[in-house]
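Chemist: Can you keep this structure in mind? I'll have questions shortly.
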Amino acid sequence: SAVPARRTLLTRRFRSERGAVAVEFALVVPLLLLLLFSIVSVSRAFQVQGTLSGAAREAARTMAMQNDPAAARSAAVFAASTASVPLTAGQISIQPATCTGKPATQNITVVIEHPFKPTGSYAGGKSFTITSKAVFRCGG
């Protein structure tokens with residue numbers, strides 16, 4: 007009868023370890039999820055930055071070639087929309103407003119300022135501004 011006593015002892019030991027594993031799992035999983043969602047949110051911020059850089063470059067190129075601020079803003083909004091970044095014309099500034107009468111060495115500068123709000127409640131609802139800038143010479 008040493009075998010049943012030994013089996014009972016092993017059964018009790020495994021049950022207590024299973025409880026410890028469940029407690030450790032419950033403590034570690036929230037931290038791992040926070041880390042995962044933080045990585046996703048930072049990755050999205052980098053993706054938005056890259057999209058805004060492309061949109062600013064496209065707006066500066068359009069302004070330099072067409073000398074039309076409305077067309078330049080539309081080009082930036084369209085370029086951002088292809089990557090699901092909700093950009094508005096009000097977030098785009100173009101300096102100077104025209105290339106007409108400017109020397110060939112004059113540069114067009116487009117600056118886009120877009121508010122970015124990280125996904126998830128861990129960010130506390132805070133948002134920050136992502137800024138992108140592009141420069142082209144008038145006339146291309």
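Number 146 marks the last residue of the sequence shown (the numbering used here); no jumps. Using N, Cα and C, we set each Cβ at its ideal position, and we do this for glycine too.
(1) Would DSSP call A140 helix, strand or coil?
(2) Provide the residue span of the beta strand (DSSP E) that contains S99, from first to last.
(3) How is the beta strand (DSSP E) around P121 delimited, first residue to last?
(4) Once DSSP output is grouped into helix, strand and coil, what is the label at T135?
(5) Using a threshold of 8 Å, state whether the C-beta atoms of I118 and V54 are closer than that.
(6) Verify whether the separation of the beta carbon atoms of L58 and S138 is less than 8 Å.
(7) What separation, rounded to the nearest whole angstrom, lies between the Cα atoms of P92 and V83?
(8) Report the start-end ranges of each alpha helix (DSSP H) in the stretch 36–107 that is 4 residues or longer and not cut off at the edges.
(9) Might you give, ordered along the chain, the residues of its own chain that have their beta carbon closer than 8 Å to the beta carbon of R143, omitting 5 neighbours on each side?
(10) Distance, Cα to Cα, L38 vs F52?
(11) From the DSSP output, in three-state form, read off A110 for me.
(12) Where does G25 fall in DSSP's three states?
Modeler: Working from what's here:
(1) Taking the first residue of the sequence shown as position 1, residue 140 is located at position 134. DSSP, read as helix, strand or coil, puts A140 in strand.
(2) For the purposes of this step, residue 99 is taken as the residue at position 93 of the sequence shown. First-last of the beta strand (DSSP E) with S99: 98–101.
(3) Taking the first residue of the sequence shown as position 1, residue 121 is located at position 115. That run of the beta strand (DSSP E) goes 113–122.
(4) For the purposes of this step, residue 135 is taken as the residue at position 129 of the sequence shown. Here T135 carries a strand assignment [DSSP, helix/strand/coil].
(5) By one-based count along the sequence shown, residue 118 stands at place 112. By one-based count along the sequence shown, residue 54 stands at place 48. Against a cut-off of 8 Å, the Cβ pair of V54 and I118 comes out as no contact.
(6) For the purposes of this step, residue 58 is taken as residue 52 along the sequence shown, with counting starting at 1. For the purposes of this step, residue 138 is taken as residue 132 along the sequence shown, with counting starting at 1. Yes, the pair counts as a contact, with Cβ atoms nearer than the cut-off.
(7) Within the sequence shown, residue 92 is the residue found at index 86, counting from 1. Within the sequence shown, residue 83 is the residue found at index 77, counting from 1. Rounded to the nearest angstrom, the two C-alpha atoms are 8 Å apart.
(8) You should have 75–87.
(9) Position 137 of the sequence shown, counted from the start, is the residue given in the question as residue 143. Excluding sequence neighbours, R143 sits near A70, A110, T111, Q112, N113, I114.
(10) On the sequence shown, position 32 is the one that residue 38 refers to. On the sequence shown, position 46 is the one that residue 52 refers to. Going from the Cα of L38 to the Cα of F52 covers about 21 Å.
(11) Indexing the sequence shown from 1 puts residue 110 at position 104. Assigned with DSSP and collapsed to three states, A110 falls in coil, not helix or strand.
(12) Within the sequence shown, the letter at position 19 stands for residue 25. In this structure, G25 counts as helix in the three-state DSSP scheme.
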